[in-house]
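Engineer: First, the structure itself, so that you have it in front of you.
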Amino acid sequence: MKQVLITLMILFSTSTLAEGQLTKNKQLVIDFYTDVVLAEDATHIDKYLGPRYIQHNPMVADGKEGLRALLRSLPKRDKSAGPSGEIVRVIAEGDLVVLHVKSYHWPQPNGGAIVDIFRVENGKIVEHWDVIQAIPEQAKNTNTMF
């Protein structure tokens, strides 16, 4: 009986630790996306990205400088109007955090649906994938993309 209780305690504490790490990873990615991507502000990149940042978007170079270059290339907009989009969903599993994002103005004037996948290692974002789909003027159904 004692062995069963010890095993259950270990399993419970491991699960709790894993949930705690998932929560930390999710918050890291949400903060990064809010402070850097949606704000279109490269100031805080070093706070969130690891020393080696792997970028899978073929239009963006690897590393922190690749992200800085992307942010510099974005069309200028009135930032006093608020963020450039909103995070709709956050999903985390293992070392991955997935965001489902509504972009207000990009890649077309109607905006876009974006899925960003980030890999977190030692409290920093170290890898990124994304899929971007423009929101059409007219949909073939009444479902939203969000």
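Those letters in the sequence shown? Residues -18 to -1, 1 to 128, by mature numbering (1 follows the signal peptide of the UniProt record, and there is no 0). Ideal Cβ positions, reconstructed from N, Cα and C, are used throughout, including at glycine.
1) Contact check, PRO89 vs ILE114 under 8 Å by CB: the rounded distance?
2) Apart from the five residues just before and just after GLY32, which ones in its own chain have a Cβ nearer than 8 Å to its Cβ?
3) Residues in the same chain with beta-carbon distance under 7 Å from ILE27, minus the five sequence neighbours each way, listed in chain order, please.
4) In terms of alpha-carbon separation, which member of HIS82, THR16, ILE73 and PRO118 lies closest to ASN128?
5) Shortest alpha-carbon distance to GLN37 belongs to which of ASN123, TRP111 and LYS122?
6) DSSP on TYR35, reduced to helix/strand/coil?
7) Tell me the rounded alpha-carbon separation between TYR30 and TYR86.
8) Mapping the DSSP letters down to three states, classify LEU56 as helix, strand or coil.
9) Give me the DSSP bridge partner(s) of PHE14.
10) Can you say whether LEU(-11) is buried or exposed, counting buried as having 16 or more other CB atoms within 10 angstroms of its CB?
11) So which of ASN125, GLU75, GLY94 and ASN39 has the shortest CA-CA distance to ASN7?
12) Under the rule that 16 or more other beta-carbon atoms within 10 Å means buried, what is GLY2, buried or exposed?
13) Are there 16 or more other CB atoms within 10 angstroms of the CB of ARG101, so buried, or fewer, so exposed?
14) Could you tell me the boundaries of the beta strand (DSSP E) in which LYS84 lies?
Structural biologist: Walking through what the data contain:
1) Rounded, the Cβ-Cβ distance is 6 Å, consistent with contact.
2) Within the same chain, GLU103, ASN104, LYS106, ILE107 and VAL108 come within 8 Å of GLY32 by CB-CB distance, once the 5 residues on both sides are set aside.
3) The residues are VAL18, LYS46, LEU49 and ARG50.
4) Checking the sequence, you will find Phe at residue 128 rather than Asn. Comparing C-alpha distances from PHE128 to each of HIS82, THR16, ILE73 and PRO118 shows the shortest one belongs to HIS82.
5) Here the closest residue by C-alpha is TRP111.
6) Residue state, collapsed to three classes: strand.
7) Cα to Cα, the separation comes out at about 24 Å.
8) Residue state, collapsed to three classes: coil.
9) DSSP lists no partner for PHE14.
10) Residue confidence is low: LEU(-11) scores 48 on pLDDT, short of 50, so the model does not pin down where it sits. No coordinate-derived value is stated.
11) Per the Cα distances, GLU75.
12) Flag for GLY2 reads exposed.
13) Residue environment analysis places ARG101 among the buried positions, since at least 16 neighbouring C-beta atoms fall within 10 angstroms of its C-beta.
14) First-last of the beta strand (DSSP E) with LYS84: 78 to 85.
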